[in-house]
Amino acid sequence: MPTVLVTGGNGYIGSHTVISLFENGYDVVIADNLSNSKMEVQNRLEKITGKRFKFYNVDCCDTDALRKVFEENKIDSIIHFAGLKAVGESVRMPLEYYSNNIGSMISVCKLMTEFGVNKLVFSSSATVYGESEDVPFTEESPLGMCTNPYGWTKWMLEQILRDYAKATPEKKICLLRYFNPVGAHESGLIGEDPRGIPNNLFPYISKVAAGTLDCLTIFGDDYNTPDGTCIRDYIHVVDLAKGHVKAIEFLDKTEDPICLFNLGTGHGTSVKEAIKAFEKACGHEINHVIGPRRPGDIAVSFASTEKAEKLLGFKAEYGIDEMCSTCWKWQTMNPDGLKD
Ligand code: NAD
Ligand code: UD1
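Residue numbers (the working numbering): 6 to 345.
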């Protein structure tokens, strides 16, 4: 049973991916410093899978501390989720974002070299595409100027990994550009658990639906889209998790040192459509008002899924209704998130 090291495996996407890996016969070791997740996630994973995963509370930037994980386990491949991801926070704390996101990746790469681990999957983001009228975004679409330090860390890390792959052709590296991951596990036991007031649309809508927040502000309804609100490619986190298993399988057979895939559904949903879908899931209206545009937002973003379908055999199964219903189930079962 090959062992996958999942850094950031206690977080939102990581924890769902741990389940997919387990369901596909992989053994999993998790390294996470709990900076943006709670230890309770491990209990929930055990409830869902019946297995207690090996967990290291370690900062991936600390190469010496992380080395222990490599010494104690025979790691076959790595999925690197560990990173900070809040756009607004990255504007206020750029040095923390650059040092954490870039430092943790470099530390992982050094240990891959030291221990001869050859397969790596990296969490990138559609944010690297920047503004363009030319949608859907294909993997060949030009990269844009990022509007915040978080986006730049993804942009820079992609380049660092291209350089690392060039220098070490025995390594196989897969960059995955996620579109907008939402939803939760069907059990309602794990899901997105943001600190404080959420910035992203779905966590915000669910808090308004639950009555914890009063009102959702739609950031602009004067975009050049059919209903005037921004369009995004929301992808169910369980589909996204399955995409990582496909990526690991792909690395076993590819000859290329580096490969790149979009993970999205190929369908765009506007903010107004997302609200309607959520209202259907929760059974009541979501209080909302129209506000000004949010700086840095682009009008339309959705993925071309052709390459992932053809080469990874990946196709998202869930639609916006399942994204909303699982998000709502998670919210109602865990109204205050997880306890420490
Ligand atoms: P998350 O914050 O829920 O999970 C990240 C996990 O990494 C957390 O458990 C956190 O404690 C841990 N972590 C952070 N820095 C660490 C470090 N130095 N050492 C060890 N652990 C560390 O975020 P997520 O939504 O699951 O995102 C996972 C990855 O996917 C991130 O790299 C993120 O940038 C990327 N991504 C996320 C989205 C999204 O919308 N959620 C979109 C595109 C890309
Ligand atoms: C955001 C990040 C992006 C990151 C992605 C991860 C910004 C500018 N971009 O993308 O870097 O990779 O999350 O999923 O933060 N909206 C509202 N009201 C709200 C919240 C959001 O109208 O209270 C709208 C936004 O204007 C946007 C859409 O909902 O049009 C989705 O927003 P969000 O969930 O924050 O995702 P992105 O902006 O696409």
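Built from N, CA and C at the ideal position, the CB exists for glycine as well.
Check your understanding: To the nearest whole angstrom, what separates the beta carbons of VAL250 and LEU26, a pair I think is in contact under 8 angstroms?
Key -> Between LEU26 and VAL250 the Cβ distance is about 6 angstroms, and since that is below 8 angstroms, they are a contact.
Exercise for review: Buried or exposed for GLY296, please, with buried defined as at least 16 other CB atoms from any protein chain shown within 10 angstroms of its CB.
Suggested key: For GLY296, the number of other beta carbons within 10 angstroms of its own is below 16, and it is reported as exposed.
Review point. Given that a residue counts as buried once 16 or more other Cβ atoms are within 10 Å of its Cβ, and exposed if not, what is ALA170?
Key: By the 10 Å Cβ count, ALA170 comes out buried.
Check your understanding: Any heavy atom of the ligand NAD closer than 7 angstroms to the CB of PHE86?
Key -> For the ligand NAD, at least one heavy atom lies less than 7 angstroms from the Cβ of PHE86.
Check your understanding: Beta carbon of LEU39, beta carbon of LEU71: below 8 angstroms?
Key -> In terms of Cβ geometry, LEU39 and LEU71 do not form a close pair [threshold 8 angstroms].
Review point. Closest to GLU254 by CA distance: which of PHE60, GLY324 and ASP81 is it?
Key: Per the Cα distances, ASP81.
Review point. Can the beta-carbon of PHE120 be found closer than 8 angstroms to that of HIS85?
Key: Cβ atoms of PHE120 and HIS85: not closer than 8 angstroms.
Check your understanding: Apart from the five residues on each side of it in sequence, which residues of its chain come closer than 7 angstroms, Cβ to Cβ, to GLY30?
Key -> Taken in chain order, the residues that qualify are MET6.
Check your understanding: Would you report the Cα separation of VAL276 and CYS235, rounded to the nearest angstrom?
Key -> Between the C-alpha atoms of VAL276 and CYS235 there is a straight-line separation of about 6 angstroms.
Check your understanding: In three-state DSSP terms, what is LEU317?
Key -> Judged by DSSP in its simplified three-state form, LEU317 adopts helix.
Check your understanding: From PRO262 to THR222, what distance separates their C-alpha atoms?
Key -> Going by the C-alpha atoms only, they are around 44 angstroms apart.
Review point. Any heavy atom of the ligand NAD closer than 7 angstroms to the Cβ of TYR17?
Key: Yes; taking the cut-off as 7 angstroms, the Cβ of TYR17 has a heavy atom of the ligand NAD nearer than that.
Point to revise | At least three beta-carbon pairs within less than 8 angstroms, the segment 138-148 to the segment 186-200 | key: No: the two stretches stay apart, fewer than three of their Cβ pairs being nearer than 8 angstroms.
Check your understanding: Could you give the distance in angstroms between the alpha-carbon of HIS272 and the alpha-carbon of ASP219?
Key -> The C-alpha of ASP219 is placed about 29 angstroms away from the C-alpha of HIS272.
Review point. In terms of DSSP beta bridges, what is PHE127 paired with?
Key: The partner list for PHE127 (beta bridge, DSSP) reads HIS85 and LEU180.
Check your understanding: Which residues mark the beginning and the end of the beta strand (DSSP E) in which HIS21 is found?
Key -> For HIS21, there is no enclosing beta strand (DSSP E); the enclosing alpha helix (DSSP H) covers residues 17-28.
**Study point:** Inside the segment 143-220 only - alpha helix (DSSP H) runs reaching at least 4 residues
**Key:** Fully enclosed alpha helix (DSSP H) runs of 4 or longer: 154-172 and 206-215.
Point to revise | Option in GLY324, GLN47 and ASN292 with minimal Cα separation from GLY216 | key: Distances from the alpha-carbon of GLY216 to those of GLY324, GLN47 and ASN292 put ASN292 closest.
Practice item. Please report how far the alpha carbon of TYR239 lies from the alpha carbon of VAL122, in whole angstroms. Key: CA-CA distance, TYR239 to VAL122, rounds to 33 angstroms.
Point to revise | Whole-number beta carbon distance between LEU50 and ILE24, since they are thought to touch under 8 angstroms | key: About 7 angstroms separates the two Cβ atoms, so the contact holds.
Check your understanding: Cβ-heavy atom distance between CYS151 and the ligand NAD below 7 angstroms?
Key -> Distance from the C-beta of CYS151 to the nearest heavy atom of the ligand NAD is not below 7 angstroms.
Point to revise | Coarse secondary structure for PHE60, derived from DSSP in three states | key: PHE60 carries a strand assignment under DSSP once its states are collapsed to helix, strand and coil.
Check your understanding: Candidates ILE195, THR173 and PHE184: which alpha carbon is nearest ALA321's?
Key -> Of ILE195, THR173 and PHE184, the smallest CA-CA separation from ALA321 is found for PHE184.
Review point. Between LYS176 and the rest of its own chain, which residues show a CB-CB distance below 8 angstroms, the 5 nearest in sequence each way excluded?
Key: MET117, ASN123, LYS124, LEU125, TYR169, ALA170 and PRO262.
Review point. Short check: CB of ASN15 to CB of GLN47, under 8 angstroms?
Key: Closer than 8 angstroms, so yes.
Exercise for review: Starting from the C-beta of THR132, find all residues in its chain whose C-beta is less than 7 angstroms away, skip the five residues before and the five after it, and write them out in chain order.
Suggested key: Here the set comprises CYS151, GLY156 and LYS159.
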